[in-house]
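Protein chains: 2
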Amino acid sequence: MEKALLQAYAKTAVQVGIGLKKGQTLMIAAPIEAAEFARLCALEAYLAGARDVVMRWSDEQFSRIRYQHASEQALCDVKPWQLQSYLDYVKAPGGVAILNILAQDPQAFLGLDLAKIDKASAAVRRALAPWREYTMNDRVAWSIVAVPSRGWARKVFGDTADAEEKLWNAIFKVCRMDAPDPVQAWEEQTAFLARRRDQLNAMELTALHFTSQNGTDLTIGLADTARWEGAKSTTPDGQAFLANLPTEEIFTAPHKEKTEGVVYASRPYVYHGDLIEGLWLRFEKGRVVEYGAKKNQKLLCMLLDTDEGSRSLGEVALVPRQSPINQSGILFYNTLFDENAACHIALGDGYPSTVQGGTALSQEKLEQLGLNHSLVHEDIMIGTEDLRIDGIRRGEGTVAVFRDGGWAF
Amino acid sequence: MEKALLQAYAKTAVQVGIGLKKGQTLMIAAPIEAAEFARLCALEAYLAGARDVVMRWSDEQFSRIRYQHASEQALCDVKPWQLQSYLDYVKAPGGVAILNILAQDPQAFLGLDLAKIDKASAAVRRALAPWREYTMNDRVAWSIVAVPSRGWARKVFGDTADAEEKLWNAIFKVCRMDAPDPVQAWEEQTAFLARRRDQLNAMELTALHFTSQNGTDLTIGLADTARWEGAKSTTPDGQAFLANLPTEEIFTAPHKEKTEGVVYASRPYVYHGDLIEGLWLRFEKGRVVEYGAKKNQKLLCMLLDTDEGSRSLGEVALVPRQSPINQSGILFYNTLFDENAACHIALGDGYPSTVQGGTALSQEKLEQLGLNHSLVHEDIMIGTEDLRIDGIRRGEGTVAVFRDGGWAF
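And the structure:
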């Protein structure tokens with residue numbers, strides 16, 4: 025990939041994604057396959073005035089060896105330094121932010137013992153829960169961007185010599201890197217999303233009713249004091265950041281006990297390095313009571329059984345079918361992109377920022393408002409070309425939110 | 025590089041270098057450029073019964089960006105998790121061992137502010153000193169192996185397309201990977217070194233007198249109760265390991281106050297990612313009182329000024345000119361190889377194992393015996409083709425140790 029474009033992408037990640045502040049420490053979590061881009065992000069961070077950059081390398085190929093050969097006991101033995109390696113920076117001079125670079129192979133762990141991986145992942149999530157509080161509550165700026173890896177590119181474009189180049193081009197397109205000034209293009213996009221968000225907040229919705237010819241008939245009751253979020257988030261210190269690059273979604277908090285009906289996933293979903301396809305869920309009183317999948321139902325079962333909160337919803341997000349990512353016609357096999365191509369719901373943890381004043385509330389208070397809590401937060405794409413969403417308003421009838429898969433207003 | 029050879033090399037590193045025990049945790053410190061080999065080492069470790077493998081990635085190219093752009097204050101701000109990330113494994117079930125994979129570019133930091141790098145390195149060494157106690161005292165098994173990187177290969181063989189392949193071949197040759205059974209070949213080599221070590225110990229030497237036509241005229245008084253080590257080291261639990269692969273040296277502890285005379289380095293020396301060439305040192309009462317270098321004298325000065333102990337010797341090692349590494353005629357620009365091509369002395373920290381019962385002695389006791397202590401331990405090659413070493417024996421005259429650069433007995 026052309027270096028100038030890569031540099032511009034790194035600059036966009038640091039300036040728009042993180043909104044890096046002078047004197048701040050930036051953690052970059054990156055797979056070693058993405059080293060070239062990670063280094064450029066580090067350089068852009070220093071050029072933007074970072075105090076320091078901390079690189080956190082990972083390697084899926086090593087993880088695969090480890091998952092294959094280490095015992096469940098060893099995999100679940102998460103040492104104290106792993107949490108410490110995040111928390112040590114929370115009080116760093118100038119504060120900390122974290123940029124996650126993804127380059128996953130959607131089937132990195134194909135054929136492995138997924139139950140073992142599930143337990144290992146849960147152990148890591150449990151151990152890192154105190155750090156997760158910082159990102160889930162927007163106490164630190166965080167952002168996720170992606171670059172191609174060989175395995176990923178081949179899954180998307182087939183085993184051809186130019187698969188990686190094609191994936192680069194697709195990512196650059198949906199990340200608006202073809203705009204004359206990508207940073208400016210994202211300012212415009214986030215301003216647009218902010219207007220949609222404000223319109224939705226003004227509607228005072230208490231529930232959403234999703235219907236589609238694919239069989240979906242789902243009513244999601246929203247948390248008490250739920251508020252719509254979209255585009256930029258803000259830390260308590262006022263640092264505006266874009267948690268996902270690209271982002272096309274407006275999202276809010278379901279009430280964990282108020283979802284009813286059936287929903288069919290419209291895209292496959294990657295979990296633990298493998299694909300769940302043809303997934304459906306039936307909810308009663310907010311919880312999944314019945315479910316199925318054409319492929320990897322066992323993996324779906326593991327996800328649902330993670331903990332008390334993994335059978336309820338933590339997020340509902342609206343993305344019109346006009347989203348550039350959907351328009352690209354590409355199935356990315358990567359949640360960062362696929363969730364921004366279609367409306368989605370997330371099983372698991374809710375974002376405190378999606379209830380009124382939520383980032384300052386205790387866990388107990390949040391749960392009283394109906395916000396779900398879990399170790400997982402996994403997006404499932406449900407948007408279709410004919411999706412219809414009716415909003416149920418506080419006290420006074422319904423309002424058309426989506427018609428034919430796009431905004432109705 | 026052919027995969028079967030790489031695998032054999034990984035197996036040699038894990039079985040001979042570390043002597044991995046079943047149920048042990050292996051830390052692998054590896055530059056991301058050496059990922060393929062690091063993964064093979066991880067796999068070999070699991071196959072040999074490791075409980076788990078912990079990968080510690082690093083990246084010189086990122087380090088270069090960081091050294092260039094971060095302030096000295098930021099670079100010296102070493103967080104507690106960094107030490108913790110080692111110590112957390114000390115009490116792991118089955119114990120821990122550490123394999124260091126090198127792939128350094130000898131001039132990775134060329135042109136940077138080396139004084140800043142020096143301070144940053146010293147800060148890291150200070151912070152990690154409690155972990156260093158474990159390796160310096162052989163309380164955990166540790167080993168160092170190397171694989172080519174592009175920058176390193178080009179420094180050794182010039183900017184040609186096959187430089188990396190040439191360096192692989194050179195490394196494999198001196199690591200005896202061309203033997204029918206490399207593991208067996210190393211058992212034989214270490215048995216040979218052990219015999220030399222025993223012969224030297226039987227001589228009861230109190231000092232060594234080095235002379236060469238290059239101007240070297242150096243007398244190194246040995247520490248009280250100094251004992252020669254070579255080939256395998258052993259942990260308190262009885263795990264035999266080979267700290268360097270390859271290894272051709274027999275070494276012992278100088279007395280920190282008893283070196284006198286002048287010594288000229290016979291090979292350039294890499295420090296802080298740059299080369300010191302044409303180096304000489306003059307000692308009085310064990311300390312460097314005068315010194316010079318044809319290139320990068322400033323860097324030598326930094327090394328000598330690190331701390332109280334960095335002007336005295338912590339090791340003297342004997343390597344005959346017949347060493348396969350010297351015979352290869354290759355200047356590796358990497359201490360792991362170059363120190364095994366020629367006799368060398370180390371400025372800085374001494375190995376407790378090189379005085380009688382030293383790994384069980386307190387720091388105070390060790391210093392009373394004359395063992396040097398420092399944050400650094402830096403090998404300087406002094407062996408020449410005409411090197412003569414006379415050993416001064418306890419009470420009764422001298423004995424020929426080296427003649428014409430090789431063993432005299």
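Residue numbers (our numbering), protein chains in the order written: chain A, 25 to 433; chain B, 25 to 433. Idealized CB from N, CA, C, for every residue including glycine. Note that this is a predicted model, so its numbers are computed, not measured.
- For the pair ALA170 of chain B and GLY245 of chain B, the Cα-to-Cα distance works out to about 33 Å.
- With respect to ILE168 of chain A, LEU269 of chain A sits close: the two C-beta atoms are nearer than 9 Å.
- Under the DSSP definition of a beta bridge, ASN124 of chain A partners with A:ALA53 and A:ILE168.
- ILE354 of chain A and ALA194 of chain A have their alpha carbons spaced roughly 8 Å apart.
- GLY297 of chain B has its alpha-carbon roughly 35 Å from the corresponding atom of GLY415 of chain B.
- Beyond the five residues adjoining it in sequence on each side, LEU30 of chain B comes within less than 8 Å, by CB distance, of GLU60, PHE61 and LEU64 in the same chain, given in chain order.
- Going by DSSP, TYR158 of chain A is part of the alpha helix (DSSP H) stretching over 153-160.
- One finds ILE89 and HIS93 in chain A with Cβ atoms closer than 8 Å to the Cβ of LEU67 of chain B, taken in chain order.
- The Cβ atoms of THR378 of chain A and ALA247 of chain A lie closer than 9 Å to each other.
- Using a CB distance cut-off of 9 Å, PHE307 of chain B does not count as an interface residue toward chain A.
- Among the CB atoms of chain B, none fall inside 9 Å of the CB of VAL286 of chain A.
- For ASP76 of chain B, the chain A residues whose Cβ falls inside 7 Å of its Cβ are ALA94 and ALA98, in order along the chain.
- Chain-ordered, the chain B residues with CB closer than 9 Å to the CB of ASP83 of chain A read ILE56, ALA59, ALA62, ARG63, MET79 and TRP81.
- Put simply, the backbone Cα of LYS27 of chain B is about 25 Å away from that of GLN213 of chain B.
- By the criterion of a C-beta distance shorter than 8 Å, CYS325 of chain B is surrounded in its chain by TYR315, once the five residues flanking it on both sides are discounted.
- Between ASP129 of chain B and the set B:GLN92, B:TYR110 and B:ARG88, the nearest pair of CA atoms involves B:ARG88.
- Of the candidates B:THR184, B:PRO154 and B:PHE265, B:PHE265 places its Cα closest to the Cα of ALA215 of chain B.
- With respect to chain A, the C-beta atom of PHE86 of chain B has a partner C-beta closer than 9 Å.
- Comparing alpha carbon positions, the residue from B:LEU71, B:TYR33 and B:PHE275 closest to LEU50 of chain B is B:LEU71.
- Under the Cβ criterion of 9 Å, PRO104 of chain A is counted among the residues facing chain B.
- The segment 32-41 of chain B and the segment 101-117 of chain B do not touch, with fewer than three beta-carbon pairs separated by less than 8 Å.
- With distances taken between CA atoms, LEU303 of chain A lies nearest to A:LEU327 out of A:LEU327, A:THR283 and A:GLU281.
- The beta carbon of TYR288 of chain A lies closer than 8 Å to those of SER236, ASN238, GLY239, THR240, LEU303, TRP304 and ILE406 in the same chain, with the five residues before and after it left out.
- When rounded, the separation of the alpha-carbon atoms in LEU395 of chain A and ALA370 of chain A is 12 Å.
- Contact annotation, ALA144 of chain A with LEU99 of chain A: C-beta distance approximately 4 Å; criterion of less than 8 Å satisfied.
- Counting other Cβ atoms within 10 Å of its Cβ, GLY338 of chain A reaches 16 or more and is therefore classed as buried.
- The secondary-structure analysis by DSSP pairs HIS368 of chain A across a beta bridge with A:ALA341 and A:MET405.
- When DSSP states are grouped into helix, strand and coil, LYS280 of chain A belongs to the strand group.
- Looking at the backbone, the Cα of ALA58 of chain B and that of ASP83 of chain B are separated by about 10 Å.
- Here ARG311 of chain B really is in contact with ARG335 of chain B; their C-beta atoms are around 5 Å apart, less than 8 Å.
- Contact of GLN48 of chain A with chain B is not assigned, every C-beta pair being separated by 9 Å or more.
- Annotated as proximal: ASN350 of chain A and VAL343 of chain A, with beta-carbon spacing under 9 Å.
- Taking ILE122 of chain B as the centre and dropping the five residues before and after it, the same chain places the C-beta of MET51 and TRP166 closer than 6 Å to its C-beta, in chain order.
- Taking a Cβ-Cβ threshold of 9 Å, the residues of chain A close to SER109 of chain B are LYS103, TRP105, GLN106, GLN108 and SER109, in chain order.
- Annotated as proximal: LEU224 of chain B and VAL425 of chain B, with beta-carbon spacing under 9 Å.
- Judged by DSSP in its simplified three-state form, THR359 of chain A adopts helix.
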